[in-house]
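Down below is the structure, laid out as structure tokens.
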Amino acid sequence: MNVPNCKWEQAPVLGCERLAPDIVRLTVEGPAAPAAASRPGQFYMLRAWKEGEGPYLSRPISLHDADIANGRRRFLFQVKGAGTQKLAALRAGEALTLTGPLGNGFDVPAILHTAGAGPVAVVGGGIGTAPLLYLCRALAENGRRPDFFAGFRDVPYGLDAFAPFVGGTALATDSGAAGHHGLVTDLLAPERYGAVLACGPDPMLRAVAAKCKAAGTPCLVSLEKHMACGLGACLGCTVHTAGGPRTVCKDGPVFLAREVF
Amino acid sequence: MADLKTTLLGVPLNSPVLGASGTAGYGPEYEPFVDYTKVGGICGKGLTLHGQFGNEGARLYETPSGLINSIGLQNPGVAHFIDVELPKMLALKQKYGTAVIANLGGHSEEEYVEGARLLNGSAVDIVELNISCPNVKAGGMAYGVKAKDAGAVTAMVRKVCQKPLMVKLSPQAESIPDMCKAVEAAGADAVSLVNTFQSCAIDVYRRRPVFENVFAGLSGPAIRPIALRMVWQAVGAVRIPVVGLGGIATGRDALEFIMAGAAAVQVGAANFADPRAMQTVAEGLCALLDELGFASVEEARGCARG
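So the sequence lines, in the order shown, correspond to chains A and B.
Under numbering that gives the first Met the number 0, the first residue of the first sequence carries the number 0, and numbering increases by one thereafter.
Under numbering that gives the first Met the number 0, the first residue of the second sequence carries the number 0, and numbering increases by one thereafter.
Next comes the structure, spelled out in structure tokens:
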């Protein structure tokens with residue numbers, strides 16, 4: 000469901016840094032009110048080029064973090080093609096076009112209700128960790144610092160920012176560059192948690208969902224698909240769910256794992 | 000300020016700018032971004048009698064100046080549309096005056112006819128008959144290539160359809176003038192063109208076509224000059240109104256189609272690139288009519304034909 004504060008806007012870029020050769024953190028000015036109302040897991044359609052200039056479509060990027068008091072928003076993304084290259088080339092003072100916040104996001108009060116007295120685990124894989132910082136912040140602000148499980152292909156990035164909001168961090172890398180040499184799902188014991196929240200590549204999400212199902216632990220997954228509009232109009236990002244066809248952009252990106260896997 | 004108000008098949012429009020089927024949802028999706036008092040109407044997502052999931056696999060592929068889609072007419076079915084989505088379109092009409100256009104596809108002549116029959120009992124203003132979807136294997140565009148086939152399905156739907164009937168044509172038609180004449184003779188009240196161009200993309204890393212159906216539909220600025228040529232041909236071929244679409248993203252684009260003789264225009268893929276596109280086109284059209292000294296859309300319509 001799109002929240003009522005969803006809008007088209009242009010906002011100045013405050014900074015753009017490389018955290019790794021292909022990982023960029025973009026800080027954008029934003030009025031405090033919309034940032035306050037956006038949920039973790041929501042996303043924006045970003046555009047840093049004019050109509051008629053390529054690429055044709057805007058790029059859906061999840062909200063990485065929001066500093067409500069200072070009216071600042073952050074996006075963390077991987078440079079993959081022409082669109083993310085142009086976003087990565089932005090400099091402080093330049094204008095960014097944003098449409099959002101979009102999608103359902105994580106409903107933190109509902110998650111805490113579901114988890115009951117149990118602790119919460121947050122599981123991220125690669126750039127799928129991007130929306131989880133704001134989620135961990137929101138959980139911590141609601142008095143429930145989650146355990147954070149992070150998996151990367153090689154050298155991890157962006158983990159320092161999580162430290163204030165998480166109880167502990169368990170790290171895995173495919174290469175063995177840091178932490179457990181293997182999959183992040185190897186480290187997760189869902190039976191110890193009241194709820195598991197995950198974002199990352201599909202194989203990781205499937206593995207998390209399967210473990211949670213076996214343990215009987217409620218699990219939410221945030222999906223990623225190519226999108227044209229981000230608004231629920233093009234139907235390019237439709238997935239099968241137990242309840243029928245749903246769009247990742249508008250009905251998601253956050254789904255109950257048992258409904259999509 | 001030039002007067003953008005016009006009518007299409009007796010239906011009053013705020014402006015000649017409509018949202019194209021499959022790109023505007025059912026309308027509410029764009030309410031946060033668009034001043035709908037400047038938009039003539041919304042063509043809802045293409046319906047089939049029973050509803051369907053649409054195509055598996057990749058559905059979108061961006062091109063240098065457009066978008067290839069292979070949605071495959073994902074829709075909830077005509078009866079569900081009448082119960083759930085149509086009331087939302089009617090609520091928008093109540094608030095802003097946007098006309099309600101139901102887009103009806105089908106897999107067989109029987110499905111088209113039954114769908115049209117169901118829509119008779121609804122409050123839709125216009126039925127847009129989709130004989131041009133390139134993404135449905137056993138139908139859709141099958142009726143949109145040969146003028147004789149298009150005429151036959153149009154005639155069958157015309158017999159039962161009590162709504163104003165606009166037939167949406169494919170650029171894959173063997174001859175646009177013959178196609179237009181055939182559907183006019185079969186009782187169409189208007190034609191809209193063009194639907195997407197059949198196209199293809201290959202994933203070189205997977206060494207396979209991007210789309211499971213191999214071919215899919217190209218829209219966006221890339222097709223605009225070809226669409227305009229076809230609209231020009233259509234206006235020359237028939238007396239019924241011609242609604243133009245294909246890559247329209249600015250007021251100037253819209254005015255080109257109107258000067259070619261289009262009664263109205265539809266904004267399609269541009270809605271994806273910029274959620275304000277329908278309003279941008281309408282406002283740009285108004286400003287350009289003013290600049291050129293036209294008092295109304297009617298004054299400019301067809302003026303390029305001499």
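Backbone N, C-alpha and C define an ideal beta-carbon position, used for all residues, glycine too.
Determine, using beta carbons only, whether glycine 29 of chain A comes closer than 8 Å to chain B. Judged by the 8 Å Cβ criterion, glycine 29 of chain A is not in contact with chain B.
Does DSSP classify glutamine 161 of chain B as helix, strand or coil? The answer is coil: DSSP assigns glutamine 161 of chain B none of H, G, I, E or B.
If you draw a straight line from the alpha carbon of arginine 300 of chain B to that of alanine 68 of chain A, how long is it in whole angstroms? The straight-line gap from Cα to Cα measures roughly 53 Å.
Among the candidates A:Gly150, A:Lys212, A:Arg205 and A:Asp185, whose CA atom is the shortest distance from the CA of glycine 127 of chain A? Comparing Cα positions, the closest option is A:Gly150.
With distances taken Cα to Cα, identify the nearest neighbour of leucine 46 of chain B among B:Glu297, B:Cys132 and B:Thr249. The residue with the shortest Cα to Cα distance from leucine 46 of chain B is B:Cys132.
What are the residues in the region 213–243 of chain B lying within 7 Å of chain A by C-beta distance? Along the region 213–243 of chain B, going in chain order, the ones with a CB nearer than 7 Å to a CB of chain A are Gly219.
To the nearest angstrom, how far is the alpha carbon of proline 220 of chain B from that of proline 145 of chain A? The straight-line gap from Cα to Cα measures roughly 48 Å.
Count Cβ pairs between the region 241–253 of chain A and the region 82–91 of chain A that sit closer than 8 Å; are there 3 or more? Proximity of the region 241–253 of chain A to the region 82–91 of chain A falls short of the contact definition, fewer than three beta-carbon pairs being nearer than 8 Å.
Please name the residue or residues paired with glutamine 51 of chain B in a DSSP beta bridge. Bridge partners of glutamine 51 of chain B: B:Asn74.
Would you say leucine 45 of chain A and glutamate 61 of chain B are within 8 Å of each other, going by their C-beta atoms? One thing to note: leucine 45 of chain A has its Cβ no nearer than 8 Å to the Cβ of glutamate 61 of chain B.
Rounded to a whole number of angstroms, what is the C-alpha to C-alpha distance between isoleucine 130 of chain B and alanine 151 of chain B? About 11 Å.
Give the DSSP-derived three-state secondary structure of leucine 103 of chain B in the structure shown. In the displayed model, leucine 103 of chain B falls within a strand according to three-state DSSP.
Relative to the C-alpha of arginine 143 of chain A, which residue among A:Pro11, A:Cys15, A:Ala116 and A:Cys5 is closest? Of the candidates A:Pro11, A:Cys15, A:Ala116 and A:Cys5, A:Ala116 places its Cα closest to the Cα of arginine 143 of chain A.
Considering just the uninterrupted stretch of the beta strand (DSSP E) at aspartate 66 of chain A, what are its terminal residues? Its beta strand (DSSP E) spans residues 58–66.
Using a Cβ-Cβ distance under 8 Å, would glycine 65 of chain B count as near chain A? Cβ-Cβ to chain A under 8 Å: yes for glycine 65 of chain B.
Give, in chain order, every residue of the region 213–241 of chain A whose Cβ lies closer than 9 Å to some Cβ of chain B. Flagged, chain order: Lys224, His225, Met226, Ala227, Cys228, Gly229, Leu230, Gly231, Ala232, Cys233, Leu234, Gly235, Cys236, Thr237 and His239.
Per-residue contacts from lysine 85 of chain A into chain B (C-beta, under 7 Å): Under the 7 Å cutoff, chain B gives no residues; its nearest Cβ is about 13 Å from lysine 85 of chain A.
Could you give the C-beta distance for threonine 195 of chain B and glycine 216 of chain B, rounded to a whole number, given that I count them as a contact under 8 Å? Indeed they touch by this definition, with Cβ atoms about 3 Å apart.
Whose C-alpha, out of A:His63, A:Ile22 and A:Arg205, is nearest the C-alpha of serine 37 of chain A? Serine 37 of chain A has its Cα closest to that of A:His63, out of A:His63, A:Ile22 and A:Arg205.
Proximal residues, the region 46–65 of chain A versus chain B, C-beta separation under 9 Å: Residues passing the 9 Å Cβ filter: Arg46, Glu50, Gly51, Gly53, Pro54, Tyr55, Leu56 and Ser57.
For threonine 36 of chain B, decide whether its Cβ has a neighbour in chain A, counting only Cβ atoms nearer than 8 Å. Chain A contact via Cβ: absent.
Return the first residue and the last residue of the beta strand (DSSP E) that tryptophan 48 of chain A is part of. Element bounds for tryptophan 48 of chain A: n/a, residue is neither H nor E.
Within 8 Å of any Cβ in chain A, is that where the Cβ of aspartate 273 of chain B sits? Yes, contact with chain A.
Below 8 Å on the Cβ atoms is my guess for alanine 227 of chain A versus phenylalanine 214 of chain B; work out the distance and round it to an integer in Å. That pair is no contact at about 18 Å.
For alanine 233 of chain B, which option in B:Ser191, B:Ser218, B:Ala263 and B:Gly105 has the closest C-alpha, if you only look at C-alpha atoms? Closest in alpha carbon position to alanine 233 of chain B, among B:Ser191, B:Ser218, B:Ala263 and B:Gly105, is B:Ser191.
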